[in-house]
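Engineer: Encoded as structure tokens, here's the structure I'll be asking about.
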Amino acid sequence: MADASFLPDSCTLPSADRPLRLAEFADLFARSARQPDRMSPTRLRLTLDDDPAVLATARDLAARESACCAFFTFTFGDRGALTVEVPPAQAAVLDGLERLTR
106 MADASFLPDS
116 CTLPSADRPL
126 RLAEFADLFA
136 RSARQPDRMS
146 PTRLRLTLDD
156 DPAVLATARD
166 LAARESACCA
176 FFTFTFGDRG
186 ALTVEVPPAQ
196 AAVLDGLERL
206 TR
């Protein structure tokens, strides 16, 4: 199971649910993410499989994550492009999310 130690105290997701959420991201990324590109300390771009089911899963996961960690911005573009942004104070959280892509 993914290490949740990088998650900030400001996350409102119950502690018991955090490893499960990270596992959802890890599974999505392992199955569907290509070409992770750390564009800056606060911005990560991924290319997901351009499949309607994959993108629906990713959008649902992004919406749920944004609900508990409002500092995340998930932007979906064409052909499976996903950009994740955080404020500078949360760059370590993006580091952790990026590790899930490997």
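Throughout the sequence shown, residue numbering follows the numbering used here, covering 106 to 207 in sequence. Heads up, the beta-carbon is just placed ideally off N, CA and C, and yes, glycines get one too. Treat the numbers as computed from the prediction; the structure is a model and nothing was measured.
Quick check: what's the CA-CA separation for Ala158 versus Gly185?
Structural biologist: Locating residue 158 in the sequence shown gives position 53, where the first residue counts as 1. Locating residue 185 in the sequence shown gives position 80, where the first residue counts as 1. The straight-line gap from Cα to Cα measures roughly 11 Å.
Engineer: Just checking, does the segment 136-146 make contact with the segment 165-179 on the three C-beta pairs under 8 Å criterion?
Structural biologist: Flag = no, the segment 136-146 and the segment 165-179 do not touch.
Engineer: Quick one: Cα of Met106 to Cα of Ser120, how far?
Structural biologist: Translated into positions along the sequence shown, residue 106 becomes position 1. Translated into positions along the sequence shown, residue 120 becomes position 15. Any reading at Met106 must be qualified, since the residue scores a pLDDT of 46, below 50, and its modelled position is unreliable; the value itself is stated next. Cα to Cα, the separation comes out at about 14 Å.
Engineer: Distance, Cα to Cα, Thr152 vs Pro124?
Structural biologist: Position 47 of the sequence shown, counted from the start, is the residue given in the question as residue 152. Position 19 of the sequence shown, counted from the start, is the residue given in the question as residue 124. Going by the C-alpha atoms only, they are around 24 Å apart.
Engineer: In whole angstroms, what is the alpha-carbon distance linking Arg136 and Ala197?
Structural biologist: The residue given as residue 136 occupies position 31 in the sequence shown. The residue given as residue 197 occupies position 92 in the sequence shown. In a straight line, the C-alpha of Arg136 is about 24 Å away from that of Ala197.
Engineer: What are the start and end residues of the alpha helix (DSSP H) that includes Ala196?
Structural biologist: Taking the first residue of the sequence shown as position 1, residue 196 is located at position 91. Ala196 to Arg204 is the span of the alpha helix (DSSP H), which, as asked, contains Ala196.
Engineer: Please state whether DSSP places Val191 in a helix, a strand or coil.
Structural biologist: Taking the sequence shown and counting its residues from 1, the one referred to as residue 191 is at position 86. Coil.
Engineer: Counting only the same chain and skipping the five closest in sequence on each side, list residues whose C-beta sits under 6 Å from that of Arg150.
Structural biologist: The count along the sequence shown starts at 1 and reaches residue 150 at position 45. Result list for Arg150: Asp142, Met144 and Thr188, in chain order.
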